[in-house]
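Residue numbering for the sequence shown follows the working numbering, beginning at 11 and increasing consecutively.
Glycine is no exception: its CB is placed at the ideal position from the N, C-alpha and C atoms.
Fair warning: this is a prediction, and the values are worked out from it, not measured in the lab.
Beneath this line is the structure, given in structure tokens, with notes to follow.
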Amino acid sequence: MRSMRRSAPRSRRQSKAPALPVATKPRMRAKTPGELDAIAASGAVLRECLDLLASEARVGVTTAELDGLAEEFIRSHGGTGAFKGYHGYPATITTSINEQVVHGIPGDYVLREGDVASIDCGVVLDGWVSDSARTVSIGEIDDEAGRLLEITRQSLDAGIAACVAGNTVGDVGHAVESVVAGAGYAVVRALVGHGVGRAMHEEPQVPNYGVPGSGPTLIDGLVIAIEPMVTVGSHEVVTASDGWTVSTQDGSLSAHFEHTVAATTAGPRILTA
Ligand code: MG
Ligand code: MG
């Protein structure tokens, strides 16, 4: 699951009143090596859950069935789903089909030959949150869909490679966007990746675009969810009347891959792989 990009701060009004204490933003906090191991344990359950869902997602299966499998799997491994109840979200996974980008609610939709299904899931284990997504093909998909999945996966790999302590959030976004733009596709800009660990959404926000060297510096032990959302057409998205499902405005195909990754001085450590 991603976080909504906040609107730009308004410029401060001039005031003669004495300065009041300003509410502090949550600071980015590095995780200790032991905490990274704890998130990796959560991430291992999540990876196995997504492996299961990927193998079970086929023609004739409903998205609600996948959701039930996920909930049962996570519970049987001592965890809980991070999404259910989050701002009232009703399910354990999100299933976003074809032009749907993210946050599709599982239900009676029956997967069809040629669909691409983006499955996003979060796990809480011993109080530590992991977040990961992948887009799977249902039966035979056409060449454009296959290329979209490949490029989106490659853009995630590029973002992960830039997730090194000392680099910046802008370096990660630039790496993602370069792969996507180079392929002639677009990254969704209204939705972003995020810090993760104790909570599902922590600082910083991690856009899938950026200027190298810009934005917050990735400190050693910072954990972020990198999650390119890529479309064949325009980057513009719309939210459905259910309040959740985000789709491309132009109806073009979309894909979503995500890993929870720690930035360390030794390089990126993927905690959901
Ligand atoms: Mg997610
Ligand atoms: Mg996320």
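When you compare only the Cα positions, how much space is there between residue i and residue j?
i: N177; j: V271; result: 14 Å
i: D252; j: Y99; result: 11 Å
i: A40; j: D152; result: 43 Å
i: G89; j: G156; result: 33 Å
i: S140; j: H245; result: 26 Å
i: V248; j: T145; result: 20 Å
i: A172; j: T227; result: 12 Å
i: M210; j: A185; result: 23 Å
i: L232; j: L63; result: 29 Å
i: G261; j: C131; result: 24 Å
By Cβ distance below 8 Å, which residues in the same chain neighbour residue i in space, the five residues on each side in sequence not counted?
i: D77; result: A101, T102, I103, T105, P116
i: T275; result: V174, A175, G176, D230
i: G180; result: G220, V221, P222, G223, S224, G225
i: T72; result: P116, G117, D118, Y119, V120, L121
i: K94; result: E81, P100, A101, T102
i: E66; result: E75, L76, L79
Output needed for residue i: all residues of its chain with C-beta closer than 7 Å, excluding positions within five of it in sequence on either side, in chain order.
i: V69; result: L121, R122, E123, I148, G149
i: Q215; result: S13, R15, V202, H204
i: I161; result: V189, V190, A193, Y195, V240
i: H87; result: V55
i: A250; result: S257
i: Q164; result: V189
If contacts are defined as beta-carbon pairs under 8 Å, then residue i and residue j qualify, I think. What distance do you get, rounded to the angstrom?
i: L263; j: V126; result: 7 Å
i: A283; j: H269; result: 6 Å
i: V133; j: Y195; result: Actually they are not in contact, since the Cβ atoms of V133 and Y195 sit about 29 Å apart, beyond 8 Å.
i: W138; j: I280; result: At roughly 15 Å, the Cβ-Cβ gap does not stay under 8 Å, so W138 and I280 are not in contact.
Relative to ligand 2, is the shortest distance from any of its heavy atoms to the C-beta of residue i smaller than 8 Å?
i: D10; result: Nothing about residue 10 can be reported from this structure: the residues present for the chain run from 11 to 283 only.
i: M38; result: no
i: S264; result: no
i: A193; result: no
Can you tell me whether DSSP reads residue i as helix, strand or coil?
i: A265; result: strand
i: K26; result: Residue confidence is low: K26 scores 45 on pLDDT, short of 50, so the model does not pin down where it sits. Its coordinate-derived value is still stated next. In the structure shown, K26 sits in coil (DSSP, three-state: anything other than H, G, I, E or B).
i: D130; result: strand
i: A67; result: coil
i: Q164; result: helix
i: E154; result: helix
i: T42; result: coil
i: G203; result: strand
i: R144; result: strand
Just to check, is the beta-carbon of residue i closer than 8 Å to a non-hydrogen atom of ligand 1?
i: S142; result: yes
i: A304; result: Outside the modelled stretch of the chain, which goes from 11 to 283, sits residue 304, for which no answer is possible.
Please go through the same chain and pick out, in chain order, the residues whose beta-carbon is closer than 6 Å to the beta-carbon of residue i, but skip the five residues on each side of it.
i: S52; result: V133, L135, W138, S140
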